[in-house]
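What follows is one structure encoded as C-alpha cells, with my remarks underneath.
There are 6 protein chains.
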Amino acid sequence: MSELTHFDKSGRASMVDITRKEITERVAVAKGRVYIKPETIKRIEEDNIKKGDVITVAKIAGIMAAKRVDELIPLCHKLSLTDVKIDLKIDKKGSFLEITCTVKSTGKTGVEMEALTGVSITALTIYDMCKAVDREIMLSDIRLMEKRGGKSGHFVRKTGD
Amino acid sequence: MSELTHFDKSGRASMVDITRKEITERVAVAKGRVYIKPETIKRIEEDNIKKGDVITVAKIAGIMAAKRVDELIPLCHKLSLTDVKIDLKIDKKGSFLEITCTVKSTGKTGVEMEALTGVSITALTIYDMCKAVDREIMLSDIRLMEKRGGKSGHFVRKTGD
Amino acid sequence: MSELTHFDKSGRASMVDITRKEITERVAVAKGRVYIKPETIKRIEEDNIKKGDVITVAKIAGIMAAKRVDELIPLCHKLSLTDVKIDLKIDKKGSFLEITCTVKSTGKTGVEMEALTGVSITALTIYDMCKAVDREIMLSDIRLMEKRGGKSGHFVRKTGD
Amino acid sequence: MSELTHFDKSGRASMVDITRKEITERVAVAKGRVYIKPETIKRIEEDNIKKGDVITVAKIAGIMAAKRVDELIPLCHKLSLTDVKIDLKIDKKGSFLEITCTVKSTGKTGVEMEALTGVSITALTIYDMCKAVDREIMLSDIRLMEKRGGKSGHFVRKTGD
Amino acid sequence: MSELTHFDKSGRASMVDITRKEITERVAVAKGRVYIKPETIKRIEEDNIKKGDVITVAKIAGIMAAKRVDELIPLCHKLSLTDVKIDLKIDKKGSFLEITCTVKSTGKTGVEMEALTGVSITALTIYDMCKAVDREIMLSDIRLMEKRGGKSGHFVRKTGD
Amino acid sequence: MSELTHFDKSGRASMVDITRKEITERVAVAKGRVYIKPETIKRIEEDNIKKGDVITVAKIAGIMAAKRVDELIPLCHKLSLTDVKIDLKIDKKGSFLEITCTVKSTGKTGVEMEALTGVSITALTIYDMCKAVDREIMLSDIRLMEKRGGKSGHFVRKTGD
C-alpha cells in the first residue's frame, strides 16, 4: 500500500527529502472550471474579442502564482519552472470557463501543485473581476489531468476530461 | 444594470478607487469541498483524532494565504484582516472535506476574495499532503456563502449550502 | 535648511517615525518614458488595438509592484493604497511610451515611492516583453509630477511635463 | 524578422518555454542614472566618505530586488543568481549618480531583467532617502550595456556608454 | 488563570479575532545578543568606524523583516508599523553585539513579534556576513524588554536588562 | 588569515560570486533553545500529546522561512532546498524546548543560514503562540552544529551540544 509521503515515521507532517532523486523533465496539466451566469460569460467573451483584459489579467495572475507555490503550500519545494501556460476556453452551453494550466520543469520533483495552483488563482482572479455583477460564481472541478516525468511515471486522469 | 467595477471607462482592467468609501466592519464566509477517496478520508480522520497534522498544516496555509491576497489577485487592495478562521469538517458519506473560511476586517472594501483564497489554498494543501496516495482528489464548489458590511449590504447565497 | 529625514541624529539610515502624523488623503502622480524603436512601437500599437496584451500585462505588473513597495524600498512604510491607476500613451513622434501612475491612500505618509515604483516596474515589464526584438530599449525620465496631502503640502513639478 | 517571444501563436502574452534550452553561464550588465541637485550630491558624497549609508542601503535594496525579479515581472522565470554586484559612481560634473548592476547565473535563460531591475530599485531607494530635500530627482538612461551567454550570443550596446 | 489566546475552544491553533479591539498607540522593545569572537568583534568595530557596512546591512535586514512578520509568523496579523528602529552596541568585554529593536504602531494589536523578529533577522544577517571567519557565532538572549499600549497595559521585563 | 567573504576589495558589503563553485550535496544542522516557564512547557506538552498544534504550527513556520532565506538575509543566494526537517524536543528539567533544523541542498553554496533561520522562526512562532501566558519566554543558543559539503569541508561545533 502506498504511503502518505509528507509524514515522517512518527506520523508528523514533514517535507519529502528529494536530495537523491533524479533530475528529469517534468510536466503537469491541471484543469478547473469557473461557473458563471450566461450574461457575465457574454460580457467576458465580448471583452475577449475586443481587448482580452479579463482573460489576460487572470492568466497573468495564474502564471505568477504558479511560480510562488513554495511560498503558499507549506511542504512544497522551491522549483525553477521552465514553462507555465494557461489557456481559457469559454463553454457557453455549460455556462463555464474552462482553465487549463500546463507547467514544465527540469528537476527532482513533480509540478502538479504548480499546475493546480495556476488554475486556482486564475479562477479566483476571474471571480474578483466579475464579482460586482455575479457574486454566485463558483470554482469547481479543479483537478490534475496528466503528469509526466519522475519515478512515479505517466499519470493520466481516468474520470472526467 | 450593475457594472463590472474593475474596468475603467475605456473598458480596461483597473483597480477600484476606494479612497472615499466608508470604513465599516466587514465579514465574508466562503466554502469549498475537497473530494477524496474514502480510504484517504479515513486516514486523515485517524490522523485528526491523533495529531491533526494534515488539518493543522492545511489551515495554517489557508490563513497565511488569506493575509496575502493582494499579492496574488492583481487588482485586490492590501487589507488588514482582523480575523481569519478556517474550519474543516469531514463528510464521510459524501466522501469529501468541507472547508469553511470566515474573514473579518474593518476597512473600506469587502473581504470575499480573502475568504475564497483561504478556502482554495487550504484545499490545495490537502491535495499536496495526500497526493501520494490519491492523485484524483478534486477541489470543487468553492463559493461565497455570505458577505456583510459596506454599501452593497448583506449577501446570503441562495443556492447550495 | 531641510533635512534628509531618513537619517537619525548620528547620521545613520533610519525609518521615519510617523506615529504622530495626521491621517490625510494622499495622492501622488509619477511619469516615465520607455524609448523604443519605431517598428517595435508599431507592433505594440497594433497589439493594443487588437488585444492590448503588452499594455495590460505591463499595467498589471506596475499595479502589483506599487502595492509591495514596502518590501522593495527598505525604509518605506507598509501602506494600504486605496487606488493605483496606470495609464500608457504611445508617442510615435518621440518614439516612446509615456507611463503615468497615480496612487491614492488615506494614511500618515505620502505615496510618491508607490507611484514611482509603479512606473518603473511597468516600464521594466515592457522591456521584458519586447526585448527579443529590441534590446536597446531605454527607461528614462522617471519622475514625480505631483503630490498632495500631508504636512508638506501640494507639490507640482516645475520642469518637464 | 525576429519575433516578440513572449507571445503565443494567437498573439497572447505567454511565458517562453525554456525546458529544452542549454544551461550556460550568463552575465548581464545594466546601467542607469539618478539626476540629483548638486547640493544633494554633495551630501551623499560626504556621507559616503564617512559612513556610506545612503549608498549601502541603496545597493542592498538593488541586490534584494534582483533576486526577486520573477515576482515582479510577470513572465520572467525564477532563476538562481550566482552573483549580483552593484556599483555607484558620483558624477559631480553631470550632477548624477551612475549605477551599474552586474548579474551572473548558470542557467537556461538570460539575466538582463535582473540587472535592469537591480539598477531601477537602487535608483528608487536613492530617491526615497533623498526625497525630503530634493523631490525633483529623476531616474534616467536605465539600459542594458552588455549580455553574454546563451544562443543569442554576446550583445554590447552601441549607443551611449 | 490566563489563557493561550491562539487556540479556539476545541484547542486548535487559531488567529485571535481583533475586530472589536481598540485602536491605540503601541510600542514594543526587544533585545538580543550575538556572541562573536573578540577578533571578529574588532573587525566589525573598525568597519563600523570607517563605513558601517556590516551594521548598516544588518539593520536594514532587521527593519525589512519587522515589516513582514505577518508572512513569517503564521497567526500574526498584518500591521502598518509607524516606526522601526534598530540599534547595535558593541560590548567588547562580553564579546557580543547587543541588538535593540523598537517598533511602533497605531493599531488593534501589539507589536512584540515585530520587535523580536527585527532583532532575530538583524542577528542572523550579522552571522551571515561574518560566518566565513567565525562559524561558532551564537544568537542568544532574544527577549521582550517592554511593551506599551492595548488592554494588557505596560509590561517591563523584570529579569535581565 | 581567513577573510570576511561578504566584502569587496574596497571593504564594501557584497554578494559572494559562486558562479564557478562546484555543485555538491550540502547539509547543515542548527539548534536553538526556547526558555519557557515550567507551567507553559506543561501545556505545550499536553497539547503535543493530544493534537500537536503548537509544535506543528511552529515547525511549518520554520520550514516555510528556511525556503525564503534569500528574501530575508540580504546577501544570501536563492537556493533550491531538497529537504528541511525540524525537530522539537521538550527538556522539562532545563525548562526549554530544543529546536533542531536540518537542511539539505544540492548546489553551489552552503545552507547554514537556512538552518539557522529555520530554528529562529520556529522559536519566534512558539513565542507568538504562548506569549499570552508567558511574556518572558527567551530565545537562546541559536547556533550551527554541523555543516557538510563544499570546499570548506566538514564542520562540527566543538562547544555545546
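Chains as they are written, first to last, in the working numbering: chain L, 306 to 466; chain R, 306 to 466; chain D, 306 to 466; chain B, 306 to 466; chain H, 306 to 466; chain P, 306 to 466.
By construction, the Cβ of each residue, glycine as well, lies at the ideal position given by its N, Cα and C atoms.
{"Check": "DSSP three-state assignment for A370(H), whether helix, strand or coil", "Outcome": "helix"}
{"Check": "Meets three-Cβ-pair contact criterion under 8 Å: the stretch 344-354 of chain L and the stretch 412-430 of chain L", "Outcome": "no"}
{"Check": "Against chain L: residues of the stretch 375-404 of chain D by CB proximity under 9 Å", "Outcome": "none"}
{"Check": "DSSP-derived helix/strand/coil call for D258(P)", "Outcome": "Lying outside 306 to 466, the shown extent of chain P, residue 258(P) is not represented and no answer is given."}
{"Check": "Cβ pair R404(L), L386(L) closer than 8 Å", "Outcome": "At residue 404(L) the sequence reads Ile, which differs from the Arg that was named. Cβ distance not < 8 Å, so I404(L) and L386(L) don't count as in contact."}
{"Check": "Chain H within 8 Å of E330(R), Cβ atoms only", "Outcome": "yes"}
{"Check": "K364(B) beta carbon less than 8 Å from that of T427(B)", "Outcome": "yes"}
{"Check": "Cβ of I368(L) within 8 Å of any chain B Cβ", "Outcome": "yes"}
{"Check": "Residues of its chain near E311(R), where Cβ-Cβ distance is below 7 Å and the 5 sequence neighbours each way are ignored", "Outcome": "Residue 311(R) is actually His in this sequence, not Glu. Counting only Cβ-Cβ distances below 7 Å, and skipping sequence neighbours, we find A318, S319, V321, L380."}
{"Check": "Whether D433(D) touches I447(B) by CB criterion (8 Å)", "Outcome": "no"}
{"Check": "Cβ-based burial, E351(R) [other Cβ within 10 Å; buried from 16]", "Outcome": "exposed"}
{"Check": "Residues that V461(P) bridges to, as DSSP identifies them", "Outcome": "E451(P)"}
{"Check": "8 Å Cβ cutoff, D439(H) in contact with chain A", "Outcome": "Absence of chain A from the displayed structure is noted, the protein chains being L, R, D, B, H and P."}
{"Check": "Of the listed residues M369(D), I368(D), K383(D), nearest to D375(D) (C-alpha basis)", "Outcome": "K383(D)"}
{"Check": "Which of helix, strand or coil DSSP assigns to I391(B)", "Outcome": "strand"}
{"Check": "Beta-carbon contacts of S410(H) that lie in its chain and below 7 Å, excluding the five residues immediately before and after", "Outcome": "R331, L384, S385, L386, T387, V416"}
{"Check": "Own chain residues within Cβ distance below 6 Å of I349(B), not counting five before or after", "Outcome": "V359"}
{"Check": "Within-8 Å CB hit, I365(D) to chain L", "Outcome": "yes"}
{"Check": "Under the three-state DSSP convention, the category V424(R) falls into", "Outcome": "helix"}
{"Check": "Identity of the residues DSSP links to L386(P) by a beta bridge", "Outcome": "S410(P)"}
{"Check": "R338(R) - partner residues in DSSP beta bridges", "Outcome": "E403(R), S445(R)"}
{"Check": "Pick from K456(R), K390(R), F460(R) that is closest to L449(R), judged by C-alpha positions", "Outcome": "F460(R)"}
{"Check": "7 Å CB neighbourhood of V362(P) in its chain, flanking five on each side removed", "Outcome": "T430, M434"}
{"Check": "Per-residue contacts from D361(D) into chain R (C-beta, under 9 Å)", "Outcome": "Here residue 361(D) is Thr; the residue named in the question, Asp, does not match the sequence. Result: R317, A318."}
{"Check": "8 Å Cβ cutoff, D433(D) in contact with chain L", "Outcome": "no"}
{"Check": "With 16 other Cβ atoms within 10 Å as the buried cut-off, status of T464(L)", "Outcome": "exposed"}
{"Check": "Integer Cβ distance of A366(B) from T422(B), believed to fall under 8 Å", "Outcome": "Rounded, the Cβ-Cβ distance is 11 Å, inconsistent with contact."}
{"Check": "Beta carbon proximity, T422(H) to chain D, threshold 8 Å", "Outcome": "no"}
{"Check": "8 Å Cβ cutoff, D358(D) in contact with chain L", "Outcome": "yes"}
{"Check": "T411(B): contacting residues in chain P (beta-carbon distance under 7 Å)", "Outcome": "T324"}
{"Check": "Contacts that T464(L) makes with chain R (C-beta to C-beta distance below 8 Å)", "Outcome": "E441"}
{"Check": "I349(L) Cβ short of 7 Å to the ligand COA heavy atom set", "Outcome": "What this structure holds is no ligand at all, so the ligand COA is not there to describe."}
{"Check": "Sequence-distant residues of the same chain with beta carbon closer than 6 Å to R453(R), five excluded per side", "Outcome": "V332, H459"}
{"Check": "CB of S425(B) within 8 Å of CB of S445(D), strictly", "Outcome": "no"}
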